[in-house]
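>
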Amino acid sequence: MTKKVVLIGDSITDAGRREDPNGIGTGYVKHLYEELFKNNKDWELINKGVSGDRVTDLEARWEEDVLKLNPDVLSISIGINDVWYQIDHPEMEQVTPDQFEAVYRSLLDKVPASTQLILMEPTIIEEHLGSLGNQGLVEYAEIVRFLAEEKGAILVQNYAVFMGTLANGNHPPLTTDGVHMTDAGSRLMADTWKKAAGYLFKTDK
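First residue of the sequence shown? That's 81 in this note's numbering, and the numbers climb one at a time after it.
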């Protein structure tokens with residue numbers, strides 16, 4: 081029986097999936113699809129990214145886009161907009177770190193114990209270490225790490241890897257606008273994900 085892996089998140093996961101006949105998009109999910117799933121008949125990959133989403137938006141569609149699908153593996157990438165909107169749209173009602181943690185935990189609590197969880201740290205906001213967005217992301221990335229440990233989930237260390245890449249320098253542009261990924265940024269996300277979770281999808285066939 082084919083098993084399902086659902087990847088849910090914001091625009092970085094979405095990456096134009098609705099314009100893609102395969103529903104995969106052009107971002108890190110595409111790299112994962114081509115390298116782990118395209119020729120792996122044991123697994124079906126489902127992209128449920130929605131541009132602009134914060135953790136509260138995931139909450140609104142959790143039943144339809146996660147629980148009804150009953151995935152064997154669930155990968156979650158959220159947090160960029162929760163911080164970015166505080167900078168870019170200060171007039172909006174914001175998702176504080178405490179709310180982010182409470183809502184995120186409540187979503188995880190609804191997932192069956194049989195589902196393998198993969199929690200992805202958020203990436204970056206602007207390609208310099210001291211940006212206001214990257215400072216704001218620190219606490220949200222810490223929450224993701226804490227929840228991963230609490231729930232026995234696989235942790236994908238995007239924030240740590242991207243910040244380390246920025247610190248090392250000598251890299252191609254990772255984003256097109258400080259947030260959305262170039263192909264190099266998507267490649268880095270996919271490689272980080274595979275390093276953490278790729279072993280789940282290996283086949284001996």
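We treat Cβ as the ideally placed atom computed from N, Cα and C, and that holds for glycine.
Rounded to whole angstroms, what's the CA-CA distance from Pro192 to Asp152? Just pull it up for me.
Answer to the nearest angstrom: the Cα atoms are 9 Å apart.
> Compute the Euclidean distance between the alpha carbons of Gly244 and Val135, then round it to the nearest angstrom.
It is roughly 25 Å from the alpha-carbon of Gly244 to the alpha-carbon of Val135.
> Cα separation between Asp168 and Asn161?
9 Å
> Taking Gly107 as the reference, which of Gly216, Asp271, Arg267, Val241 has the closest Cα?
Arg267
> Counting pairs of Cβ atoms below 8 Å between the stretch 117–125 and the stretch 169–180, do you hit three or more?
no
> CB-CB under 7 Å to Arg185, same chain, minus the five flanking residues each way: which ones, in chain order?
Leu227
> What distance in whole Å lies between the Cβ atoms of Tyr220 and Phe281, which are believed to be in contact at a cut-off of 8 Å?
With a Cβ gap of about 27 Å, Phe281 and Tyr220 do not count as contacting.
> DSSP three-state call for Glu124: helix, strand or coil?
strand
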